[in-house]
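So for the sequence shown, this note's numbering puts the first residue at 2; every next one is plus one. Here's the structure we're looking at; comments come further down.
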Amino acid sequence: MDVTLRRARTEDVPAVETLLRARELPLDGLVEHLENFWVAEADGKAVGTGGLEVHGRLGLLRSLAVDADKSGAGIGSRLTWQLLEEAVGLGLREVFLLTTSASDYFPRFGFVRLNRRDVPADIQASALFQACPRAATAMRWSPTASGLYEPPSVI
Ligand SMILES: CC(C)(COP(=O)(O)OP(=O)(O)OC[C@H]1O[C@@H](n2cnc3c(N)ncnc32)[C@H](O)[C@@H]1OP(=O)(O)O)[C@@H](O)C(=O)NCCC(=O)NCCS
2 MDVTLRRART EDVPAVETLL RARELPLDGL VEHLENFWVA EADGKAVGTG
52 GLEVHGRLGL LRSLAVDADK SGAGIGSRLT WQLLEEAVGL GLREVFLLTT
102 SASDYFPRFG FVRLNRRDVP ADIQASALFQ ACPRAATAMR WSPTASGLYE
152 PPSVI
């Protein structure tokens, strides 16, 4: 399967929403933050997506979703590394995320769990953060502290 990553465009919004709905992820704030969304495309079809919200010097990795039929092929990993590279390029100090079902997925990228109340206020104030279930696990990543920032050679 030949998968390419590219920046999302306005016309991708319906396909991105379909991917998010299929994975029961919130749509809140998607359009406002589309600028830093990416799409994984195979045979002209969006098979994965992921985005980065920028709040000052902090980031919120969000909406990582891969078509269930294409799961396990490394698409989620490629999208995650792309978003983390983008965060580094933007000079972000830390990247946060919330997840209800993938807290065991993100440590491989250097994310560590933290108490939701310890997430900075600017991130907590985001529409996405507010929309996520209270039970979601909060995680944090930093390019320097994690010591794990080594994008794989596929990027
Ligand atoms: C999490 C998700 C993005 C992973 O994408 P993917 O392309 O299937 O994953 P990759 O191919 O990059 O990685 C596969 C590996 O991750 C593991 N993995 C996949 N989903 C996982 C999850 N939810 N929890 C823990 N591990 C997971 C697989 O077991 C596999 O492990 P291995 O490398 O040891 O064999 C995808 O399963 C998904 O869309 N999940 C629903 C939405 C979600 O939870 N998003 C995260 C919050 S924003």
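All C-beta atoms, glycine included, are put in the ideal place defined by N, C-alpha and C.
Worksheet entry | Chain-ordered list of residues that sit, by beta carbon, closer than 5 Å to a heavy atom of ligand 1 | Residues flagged by the Cβ proximity filter: 24, 65, 66, 67, 72, 73, 75, 76, 77, 78, 100, 102, 103, 105 and 106.
Practice prompt. State buried or exposed for residue 1, treating a residue as buried only when at least 16 other CB atoms are found within 10 Å of its CB.
Written response: The requested residue 1 does not occur in the structure, where the chain is confined to residues 2 to 156.
Worksheet item: Across which residues does DSSP place residue 39 in a beta bridge pair?
Response: BP columns for residue 39 point to 8 and 51.
Discussion item. Taking the straight line between their C-alpha atoms, what separation do you get for residue 140 and residue 3?
Written reply: When rounded, the distance between both Cα atoms is 31 Å.
Discussion item. Quick check for students: name the residue ranges of the alpha helix (DSSP H) that lie wholly in the segment 45-96, counting only runs of 4 or more.
Written reply: 76-90, all fully within the segment 45-96.
Worksheet item: Taking the alpha carbon of residue 144 as the point to measure from, which residue in 127, 82, 32 and 115 has its own alpha carbon closest?
Response: Comparing Cα positions, the closest option is 82.
Worksheet item: Exposed or buried, which one is residue 9 when buried takes at least 16 other CB atoms within 10 Å?
Response: Under this definition residue 9 is a buried residue.
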